[in-house]
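Taking the numbering used here, the leading residue of the sequence shown gets 194, the next gets one more, and so forth. Idealized CB from N, CA, C, for every residue including glycine. Structure, as structure tokens:
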Amino acid sequence: MRAWQAGLWCLVVLVGLGWPGTGVAEPATARVTYVTARTVYIDLGANAGLRVGQRLELRRDGEVVAQLEVRELSSRRAACSLVEGVDRPVMGDSVVPLGALNRSPSESGAHGLDPSSRGRRSGLHGRVAVDLLYLRDESGLGRDLWQPAARLRLKGRQVLANRWDADIDIRTRRSIYSAKGQPTLQRNRIYKFTLSTESHGVRWSFGRQYSTDVGAFGLVDGAQMGWRRGSWELQALGGTQPDGLNLGFRATSLRAGFMLFHHHTTTHGNKWRLGMGYAGSYDSGHFDREFVHLRSRYSSRRFTLVATQDVDVNRVWKHALEGKTFSLTRSHLLLRSRLDDAVVVFGGYDNRRPIRRYRDLETPETRFDDRYRQGLWAGLRHRLNSSYSWGVMLRSRRGASQDGADALTLDLRGSEDWKGRWWVVSRSTAYRNDLVDGWLQSGRLGWGNDRGFTLELFAGLRHENGKDNDLSDFTDPWFGWGAEAEIGSRWSVGYDFERSFEGNEAYQEHWFSATLRL
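Here you go:
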């Protein structure tokens, strides 16, 4: 039986045993329950005192990664737009009012693990979605593409025998090309399928899961445990690494490691979290990589510092290659300071490997940002009033000449109440490297009402001037629009259109989606 088929059968069992349970009181902290290309939904609404236009902080593993603004409200739910952030929201992220005191993961959940599962309704909750992407080639050099897809994203507590929590992320798609002789490609992927429970003060997780604290493993098929007593916390992980191409099960690549954390709160309420661990990977019984993982985090009401560092322990072939026993790899530093209620400054450095990302929709703008995500950056964001803000960010990436670049970005964001709610985003980025000088300009204008309908128009232009005679100038304009509508309390449908005019890569893109929230 294939891995995805086994996962679906397990899902049927889970649904039958745990759907749905009894409700409990609304959580004091909101959680992200659903994310679309333009909207972030949270499980807190007007009954909890939220108001339209209010700013919220989105946190992951105790770290502020984005800022949201409430756009639409019901009694128990809110639809928010992304105002700023270093990463995209995902289901399960916590959301608190802007400026609230930071809380470390160890203080917001049992034993510092998965705080999002506490205070939530029992039973599985999430979404099932079906999509259809149609890509029409306009260059005459490519081929048309039909790509139907389905996505299942569920998360819940006490879904099995009233003690097991579940986290499921399964996606499948088929790529059908118009050109004769081109094969139809089927891709079935399980990104996450985890069962978790807590026994005698230890929390266990089994299945396919992300390793967030124990080193830089990414996806692992295996078991993870977490234990906490007082200010100390221990996490350990062991299992195999899925195949990198199709995410299938692979038994030959073993991974194991542990992390020990210490938490400390000062007399002024400021918090430290320090961690150190050891991890290694072994392929078919042979040494692949071993490293020490260091992690630190400091948070106060106005300042946040996050730093991680891998120190490779070079043995066997790595020692022969490096010529030394230890070497520094995978550094990550993030600084964020709120100077006052209106001004935030931030900066950081990242030379980690590119993070595996899955996007429902891609645009020339998202592809550009993913390409230059690594490097050194610094910026400032200023909120002019309750409706408008502007920001500036300088980014520098060093590496091969075609990848390294210096970039300066200015952006303006605004929203107003006018027969509903409208928002506007304008962004301009100038960049240069050894080969080209470039400029990217994009803008978005959107409108939504309290009945769950949103409409957004967007357009952009990317232009490059080659510094070498072998490089011709490049211009890629694009435009599009998208609409999304709520149908009842559970269904939503959406349509997005995008067109690019760049000669060899000109295309039309149509994307249809229907989602059922569970």
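Would residue i be called buried (16 or more neighbouring beta carbons within 10 Å of its own) or exposed?
| i | result |
| --- | --- |
| residue 413 | buried |
| residue 290 | exposed |
| residue 680 | exposed |
| residue 508 | exposed |
| residue 259 | buried |
| residue 660 | exposed |
| residue 742 | For residue 742 there is no data in the structure shown, the boundaries of the chain being 194 and 711. |
| residue 517 | exposed |
| residue 651 | buried |
| residue 461 | exposed |
| residue 642 | exposed |
| residue 712 | No statement about residue 712 is possible, as the shown extent of the chain runs from 194 to 711 and does not include it. |
| residue 354 | exposed |
| residue 609 | exposed |
| residue 501 | buried |
| residue 622 | buried |
Considering only residues of the same chain and omitting the five flanking positions on each side of residue i, which have a CB-CB separation below 6 Å?
| i | result |
| --- | --- |
| residue 551 | Here residue 551 scores only 48 on pLDDT, less than 50, and its place in the model should not be relied on; the value that follows carries that caveat. Once the five neighbours on either side are set aside, residue 551 has no close Cβ partner at all. |
| residue 474 | 448, 481 and 482 |
| residue 511 | none |
| residue 238 | 266, 267, 268, 269, 270 and 271 |
| residue 465 | 457 and 491 |
Quick one, are the C-beta atoms of residue i and residue j less than 8 Å apart?
| i | j | result |
| --- | --- | --- |
| residue 143 | residue 417 | What is shown of the chain runs 194 to 711, which leaves residue 143 out entirely. |
| residue 271 | residue 262 | no |
| residue 536 | residue 573 | yes |
| residue 708 | residue 685 | yes |
| residue 320 | residue 341 | no |
| residue 276 | residue 225 | no |
| residue 523 | residue 545 | yes |
| residue 359 | residue 349 | yes |
| residue 687 | residue 676 | yes |
| residue 322 | residue 344 | yes |
| residue 607 | residue 626 | no |
| residue 701 | residue 329 | yes |
Helix, strand or coil for residue i, going by three-state DSSP, please let me know.
| i | result |
| --- | --- |
| residue 372 | coil |
| residue 481 | strand |
| residue 303 | Its pLDDT being 32, under 50, residue 303 is placed unreliably in this model, and the value from its coordinates should be taken loosely. Correct three-state label for residue 303: helix. |
| residue 457 | strand |
| residue 535 | coil |
| residue 381 | strand |
| residue 708 | strand |
| residue 464 | strand |
| residue 143 | No answer is possible for residue 143: the residues shown for the chain start at 194 and end at 711. |
| residue 560 | helix |
| residue 277 | strand |
| residue 509 | helix |
| residue 695 | coil |
| residue 444 | coil |
| residue 242 | coil |
| residue 515 | helix |
| residue 334 | coil |
| residue 423 | coil |
| residue 386 | strand |
| residue 354 | coil |
| residue 701 | strand |
| residue 437 | coil |
| residue 566 | coil |
| residue 394 | coil |
Given residue i, which residues of its chain have a CB within under 8 Å of its CB, disregarding the five upstream and five downstream residues?
| i | result |
| --- | --- |
| residue 401 | 383, 384, 385, 386, 387, 412, 413, 414 and 435 |
According to DSSP, what are the bridge partners of residue i?
| i | result |
| --- | --- |
| residue 634 | 621 and 654 |
| residue 257 | 252 |
| residue 429 | 418 and 451 |
| residue 340 | 326 |
| residue 586 | 572 and 602 |
| residue 229 | According to DSSP, residue 229 bridges with nothing at all. |
| residue 284 | Residue 284 is not bridged to any residue. |
| residue 646 | 678 |
| residue 346 | 320 and 362 |
| residue 401 | 386 and 414 |
| residue 266 | 271 |
| residue 581 | 607 |
| residue 486 | 470 and 503 |
| residue 525 | 501 and 543 |
| residue 476 | 446 and 479 |
In chain order, what residues of the same chain have a beta carbon less than 7 Å from the beta carbon of residue i, not counting five sequence neighbours either side?
| i | result |
| --- | --- |
| residue 455 | 424, 425 and 467 |
| residue 710 | 227, 320 and 683 |
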